[in-house]
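Respectively, the protein sequence lines represent chains A and B.
Just so you know, we're using our numbering here: the first sequence kicks off at 1 and counts up by one.
Just so you know, we're using our numbering here: the second sequence kicks off at 1001 and counts up by one.
2 protein chains.
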Amino acid sequence: MAGGRKIEFDRTSALNAAMKIFWLKGYTGASLSDLTESMGINKPSMYSAFGNKESLFIEATQHYLAQYSGEHQQMLSEPHQSLKIRLKTFLMSILAVQCDESLPRGCMVMLSTGEAASGCLPEKATQVMSKAADYIPECLGALLEHDPEAKALGLDQHAAKHALFLATVLNGTSTMARNHKTLQELESVIDTALVGIGLSEG
Amino acid sequence: MAGGRKIEFDRTSALNAAMKIFWLKGYTGASLSDLTESMGINKPSMYSAFGNKESLFIEATQHYLAQYSGEHQQMLSEPHQSLKIRLKTFLMSILAVQCDESLPRGCMVMLSTGEAASGCLPEKATQVMSKAADYIPECLGALLEHDPEAKALGLDQHAAKHALFLATVLNGTSTMARNHKTLQELESVIDTALVGIGLSEG
DNA sequence: AATATTCTGTACCGATCGGTATGAATTGAA
DNA sequence: TTCAATTCATACCGATCGGTACAGAATATT
Chain A
1 MAGGRKIEFD RTSALNAAMK IFWLKGYTGA SLSDLTESMG INKPSMYSAF GNKESLFIEA
61 TQHYLAQYSG EHQQMLSEPH QSLKIRLKTF LMSILAVQCD ESLPRGCMVM LSTGEAASGC
121 LPEKATQVMS KAADYIPECL GALLEHDPEA KALGLDQHAA KHALFLATVL NGTSTMARNH
181 KTLQELESVI DTALVGIGLS EG
Chain B
1001 MAGGRKIEFD RTSALNAAMK IFWLKGYTGA SLSDLTESMG INKPSMYSAF GNKESLFIEA
1061 TQHYLAQYSG EHQQMLSEPH QSLKIRLKTF LMSILAVQCD ESLPRGCMVM LSTGEAASGC
1121 LPEKATQVMS KAADYIPECL GALLEHDPEA KALGLDQHAA KHALFLATVL NGTSTMARNH
1181 KTLQELESVI DTALVGIGLS EG
């Protein structure tokens, strides 16, 4: 057995850089030149470390989900908080990422899901995005269906409908954030949406 | 002066075919091969008839606006109809196009505006999309601000906020329609949105 | 019929795409 | 120090991108 030349880049920060390029430009729009340049490595290094463009994209998506998606769900089960507070905190947590000025605007999953609908994604990547896109609606649906306060308010009668509504609004804020709408403007959208499902007064 | 060979294709139907390709795949995603194949012509014919890919895209966008965007506005000024009815008819008119199974799903303008935000559109095309994207929010804003019934209800106090909210919902339904949500499902989203701005009861 | 004009089809252009072969550089173990 | 193992950098691959040169086919005027 003999050792070899040591890797000269940090795999995680390279993956993070790739994630931001995919997030900004989408799968098709991100060229290997774009990716490797921002990752600070050459193409052969990328291929040996990540396989190919598709598997890099999938890994970047999982990196995105771990960093910017998982954190939201716990807002929904925060104890001693009203349903309205928990739901608004959840939605604002997502919106804050969409509007973060130090990151690409909008939601990476919603962006790439649109690419998938155009048939621009390879098969496995499409499956990953489809599963990722189901996450937020499922969180919302489960909350509205099973939460005691939601039941008391009768929201469980329209759980699916209201979950779709809120998910639709979040898709809307994602594209609005992409077009440089501010967090303040879009917070008012969230507030109006909460009125729509009867959790707040107009 | 002498005549020449006659053109062998219908310019309008070729433009219509190109529009559908751009609508389905976006500007970058639509290759010249895709376009000319569906238009039923060869590349030199396309270039002599439309100039280049960008001007074809701009003309296709204007064709889209003429066919699928202008028709909505008149719903807002329909006489002898309540504000709620007019607004819902307006929104449903847009939603019906987004969900039309004989057309590409979603709104072409909202789709390409996303591309513009990624810097994937040439300069002039970006300007055209930006102006087109302002159209629906401006319709909504003007309605809520100046309509007598809206004023009576106090909606003019929050015209900009509610216009942004409804435009955001329409962006959401566009991406949802792209992911094969049905007209029925998304109609319930519209209804919930109308509750949000106080034009309907939960 | 001859000719000027216009369109169509093919074949091609340089650039870029995703992906890879190859050799030099660097390392650990023998 | 030699050698096997691994990474890095360059240069290249076929395919496709948007766009065009050019020749032949079709038309209107003379």
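Beta carbons are placed, not taken as given, at the ideal position from N, Cα and C, and that holds for glycine.
Since the model is a prediction, treat every value here as computed from it, not as a measurement.
I need the DSSP call for residue i, collapsed to helix, strand or coil.
i               : result
residue 1171(B) : helix
residue 155(A)  : helix
residue 1085(B) : helix
residue 1191(B) : helix
residue 1178(B) : helix
residue 1099(B) : helix
residue 201(A)  : coil
residue 1118(B) : coil
residue 80(A)   : coil
residue 106(A)  : coil
Hey, does residue i have any beta-carbon neighbour from chain A nearer than 7 angstroms?
i               : result
residue 1086(B) : no
residue 1033(B) : no
residue 1189(B) : yes
residue 1169(B) : yes
residue 1182(B) : no
residue 1202(B) : yes
residue 1061(B) : no
Looking only at C-alpha atoms, which of the options sits nearest to residue i?
i               : options                            : result
residue 140(A)  : 166(A), 54(A), 4(A)                : 166(A)
residue 68(A)   : 86(A), 50(A), 40(A), 99(A)         : 99(A)
residue 60(A)   : 16(A), 103(A), 119(A)              : 16(A)
residue 22(A)   : 77(A), 190(A), 53(A)               : 53(A)
residue 101(A)  : 169(A), 85(A), 20(A), 127(A)       : 20(A)
residue 205(A)  : 1172(B), 1079(B), 1186(B), 1132(B) : Summary: the structure shown does not reach residue 205(A), with chain A confined to residues 1 through 202, and so no result is reported for it.
residue 968(B)  : 1133(B), 1135(B), 1096(B), 1121(B) : In the structure displayed, chain B extends from 1001 to 1202; residue 968(B) sits before or after that span and is not available.
residue 1008(B) : 1094(B), 1117(B), 1042(B)          : 1042(B)
residue 142(A)  : 128(A), 159(A), 131(A)             : 159(A)
residue 1079(B) : 1170(B), 1149(B), 1189(B), 1180(B) : 1149(B)
residue 1180(B) : 130(A), 170(A), 196(A), 103(A)     : 130(A)
residue 1073(B) : 1137(B), 1050(B), 1048(B), 1188(B) : 1137(B)
Hey, would you say residue i sits closer than 7 angstroms to residue j, going by beta carbons?
i               : j               : result
residue 64(A)   : residue 92(A)   : no
residue 1163(B) : residue 1144(B) : yes
residue 1026(B) : residue 1123(B) : no
residue 195(A)  : residue 1154(B) : no
residue 1035(B) : residue 1014(B) : no
residue 1089(B) : residue 1075(B) : yes
residue 1193(B) : residue 1105(B) : no
Between which two residues does the alpha helix (DSSP H) harbouring residue i extend?
i               : result
residue 1046(B) : 1043–1050
residue 1226(B) : The shown model of chain B, from 1001 to 1202, leaves out residue 1226(B), and the question about it has no answer.
residue 72(A)   : 70–73
residue 37(A)   : 32–39
residue 1005(B) : Looking at the DSSP string, residue 1005(B) is not in any alpha helix (DSSP H), and its letter there is neither H nor E.
Tell me, please, whether the CB atom of residue i is closer than 7 angstroms to any CB atom in chain B?
i              : result
residue 141(A) : no
residue 195(A) : yes
residue 165(A) : yes
residue 179(A) : yes
residue 131(A) : no
residue 120(A) : yes
residue 117(A) : yes
residue 175(A) : yes
residue 25(A)  : yes
residue 126(A) : no
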